[in-house]
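If you're matching positions, the sequence shown starts at 5 in this note's numbering and goes up one per residue. We put the CB at the ideal spot given by N, CA and C, even for glycine. Worksheet for the structure shown next.
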Amino acid sequence: MKKTPVIIISGFLGSGKTTLLLKLLHTLQASRIKPAILMNELGKADVDGRIITEAVQELPLEKLFDGCICCSKKSEIAGSILNLLALAPDVILVELTGVANPEEVIDTMSEPELLHKITLHKIITVLDAEHVLEYSSIFSSDRELVHTLRRQLDIADIVLVNKQDLVSHTQLSKVERLIRKHNEQAVIFHTIYGQFQQEAVIEGLVPLQLQASASTAFKVVSPQHHGHANRDPIHSERQIQTSFSRIQTIMIPISKQSPISLQKLSRWLKSKGQQVLRAKGYVPLEHFPIPSLVQFAGRHIRQEQTSYQGDYYLVIIGFEMDENSLLAEWQANVLH
C-alpha cells in the first residue's frame, strides 16, 4: 500500500510559515503533485486559511481553530488527516500554529489508523532572523514555550532563516550558530519571503495516483474544546508537554463603517512592545476602497488589498495580555 508523505511546517508566530506554504503549493501544483493541507490557528477566527484558499482554488484543506494542534486539538489531528486522505492527495502539508511542538504531531502519525497510510517526508522550521535570538530572554518565565521553540529547531530537517534582509551578516552568523548548537544535521537556507531552493523539499514526491473515496474539497473543523484547560480525556493520563501557557489570542470585531488609519494601528501595536507577538486580520483602512489584509509581525506591518467580503476583524496573538485593557486601548488609540 502506498503511503502518503507528510510535510510539517513549524516556526514561531510571524516567522513566515504561510508565505512559505503558498510558495510550496504553487511549486507542487506546477509539478502536477496534488497537495492537501491541515492548518491550525490559535484563535476562533480564520486568517491564514483564507489567504491560502484565495490564492489556490479548489484546495483540499482542513482547519483546526481555537487551540494548539498538539494539545487541545491533538485528538482531532488523526480524523483531519483521514479526511484529507480520503481525497487522495499526493502529499499532505501540515502548517502548525507558531507555538506548537512538531513532536506531538509526529506522535499522532504513529496512531494505528494512520501508521500504514502516511509517512513523514520533511520537517521545515522557519525562523525570524530578526528576533529569534531574543526568544529565550523574552519568554524566560515560560519554560514550556522556550522548550517548544527549541524542539521546533532540534528536529527540523530544513531550517529557513527568513527575513535575512532585515539583519546584518553578524546577526545571521549568530543565528546559524544557534541552529548548529541544537541541530547539526539540518540543511540551512537564508531566505527573504521564504524563497529558497524548493527541490530540497519536493525531491522524492511523485503523483501517487490513488483513488479518492470522498469528494469534499474543503472543511472547517469546529472547535470542541476551548484553551488548554479542557484537554481530551482520552489523553489526560499522558504527560503531554503543552506548547505554551501564557500565549493568548484576542479577536477584535471591526465595523465596516469605521475605516482605520494604518499609521495609528501600526503605532499602537508597536507600543505594546514584546506583549503583542502577532496581529493579522481583514481591516477597513482609510484611503483604500476595498478591504485590506493586515499583518503585523516582528514590529513590521504590511497590508495588501483583497477580495474578502466577510466581517472585518483583527486577531491579536500576545504574551500575558489583559483583554479588557487591550480593548480599552484599542478604542482610545486606534478608533479615535
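Asked, Found
"Mark M255 as exposed unless 16 or more other C-beta atoms lie within 10 angstroms of its C-beta, in which case mark it buried.", "exposed"
"With distances taken from CA atoms, which of T112, T31, F143 is nearest Q278?", "F143"
"What are the uninterrupted segments assigned as alpha helix (DSSP H) that are 4 or more residues long and contained completely in the segment 116-183, given in chain order?", "116-119, 139-142, 147-158"
"When you compare only the Cα positions, how much space is there between R306 and Q267?", "11 Å"
"Can you have a look at P293 and say buried or exposed, based on whether 16 or more other CB atoms are within 10 angstroms of its CB?", "exposed"
"Check D70 in the structure and name its three-state DSSP category.", "With a pLDDT of 48 at D70, under the threshold of 50, the predicted position of this residue should be treated as unreliable, though the coordinate-derived value follows. Residue state, collapsed to three classes: coil."
"Identify whether L28 lies in helix, strand or coil by the three-state DSSP scheme.", "helix"
"Should the segment 160-180 be called in touch with the segment 18-34, which here means at least 3 C-beta pairs below 8 Å?", "yes"
"Have a look at D132, L331, A332, P288 and flag the residue whose alpha-carbon is nearest the alpha-carbon of Q175.", "D132"
"Which residue from T253, K274, H291 puts its Cα closest to that of P317?", "Here the sequence assigns Tyr to residue 317, which means Pro is not the residue at that position. Closest by alpha carbon: T253."
"Helix, strand or coil for P106? Go by DSSP, reduced to three states.", "helix"
"Going along the chain, which residues of its own chain have a beta-carbon closer than 8 Å to the beta-carbon of E180, five neighbours each way excluded?", "V165, I192"
"Name the one or two DSSP bridge partners that S296 has.", "V287, Q309"
"Look at I11 and L97 and say whether their C-beta atoms are less than 8 Å apart.", "yes"
"For M325, which three-state DSSP category applies?", "coil"
"Keeping to the same chain, check which residues put their C-beta closer than 7 Å to that of T129; ignore five residues upstream and five downstream.", "S14, G15, Q156, L157, A160, V163"
"Within 8 Å (strictly less), CB to CB, does L17 reach chain B?", "No chain B is part of this structure, which consists of one protein chain only."
"Can the beta-carbon of L269 be found closer than 8 Å to that of V338?", "yes"
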